[in-house]
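Shown next, in structure tokens, is the structure this report addresses.
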Amino acid sequence: MATNRILYINATSSNASRTNDLAKTLLSGLSGDIKEVRLRDLGLKSLDEERIQKRMKNIAARDYTDYQEAVDFANADTIVIAAPHYDLSFPSLLKVYIENIYVLGVVTSFAPDGHVIGLCKAKKLFYVATSGGPLETRFGYEYIKALALDYFGIMDCELLAAENLDINPSLAPSILEKAKEDIRTRFKKS
5 MATNRILYIN ATSSNASRTN DLAKTLLSGL SGDIKEVRLR DLGLKSLDEE RIQKRMKNIA
65 ARDYTDYQEA VDFANADTIV IAAPHYDLSF PSLLKVYIEN IYVLGVVTSF APDGHVIGLC
125 KAKKLFYVAT SGGPLETRFG YEYIKALALD YFGIMDCELL AAENLDINPS LAPSILEKAK
185 EDIRTRFKKS
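Counting from 5, one number per residue, gives the positions in the sequence shown under my numbering.
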């Protein structure tokens, strides 16, 4: 029997991240082999003209050897993204990561009539977020969900979050613990 391949995309920047803490609670309740990708450790760069040209040439030749992150994303059975919500969105490194994994022929393709065909194998994408104030999902979760549904072929997306953690700092531990307990209750390994 094949093992559930879980790709954990850690877009947090702090070692004491509340978002990572919440995501680890989820991961402890999922069954499978977990591969963590810490975006801050990848040395990711935004695409520039030279890198775009190289990628287009590689795609035309169906040479995906330089795109292991895209291959890992496409082959995961479950994807967990930990992305704190600050400065009105998710960390910019997550957008750079998406630029780097969006490789035609690996995560997505186009039919002859131009419609998109998602090539990702994941059955589920979890987006885990925390925020100091109210969580605005349009500029984080909703964006990732639209990509998953419309371009990656991942049809089941779920937001798990703890919000308003900095409104009254004395309440933050209990808000975070409640979110973690809700996750523990829903995701128990059998």
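C-beta: ideal position from N, C-alpha, C; glycine also. Since the model is a prediction, treat every value here as computed from it, not as a measurement.
- Annotation: the segment 32-119 contains the following complete segments of the alpha helix (DSSP H) (minimum length 4 residues), in chain order: 53-64, 72-79 and 96-105.
- Listed in chain order, the alpha helix (DSSP H) elements of length 4 or more contained wholly in the segment 106-190 are 145-151 and 176-190.
- Beta-bridge annotation (DSSP): residue 30 is not paired with any residue.
- If you check the CB distance, residue 169 and residue 179 come in under 9 Å.
- Under the three-state reduction of DSSP, residue 24 is assigned to helix.
- By the 16-neighbour rule on beta-carbons within 10 angstroms, residue 22 is buried.
- Listed in chain order, the non-local C-beta contacts of residue 127 below 8 Å within the same chain comprise 81, 82, 158, 159 and 160, local neighbours out to five positions each way being set aside.
- Annotated three-state conformation of residue 14 is strand, per DSSP.
- With contact defined as three or more Cβ pairs closer than 8 Å, the segment 104-120 and the segment 56-76 are in contact.
- Between the alpha carbons of residue 166 and residue 132 lies a distance of about 9 Å.
- By the neighbour-count criterion, in which a residue is buried when 16 or more other Cβ atoms sit within 10 angstroms of its Cβ, residue 150 is exposed.
- Spatial neighbours of residue 97 in its own chain (CB-CB distance under 7 Å, excluding positions within 5 residues in sequence) are listed in chain order as 15, 43, 44 and 48.
- In this structure, residue 78 and residue 28 do not form a Cβ contact; the two beta carbons are roughly 24 Å apart against a cut-off of 8 Å.
- Of the candidates 13, 31, 73 and 187, the residue whose Cα lies closest to the Cα of residue 88 is 13.
- In this structure residue 155 touches residue 120 by the C-beta definition: roughly 6 Å separates them, less than 8 Å.
- With fewer than 16 other beta carbons inside 10 angstroms of its own, residue 172 counts as exposed.
- Taking C-beta separations shorter than 6 Å and ignoring five residues to either side along the sequence, the partners of residue 152 in its chain run 129, 158 and 161, following chain order.
- In this structure, residue 37 lies near residue 9, with their beta-carbon atoms less than 9 Å apart.
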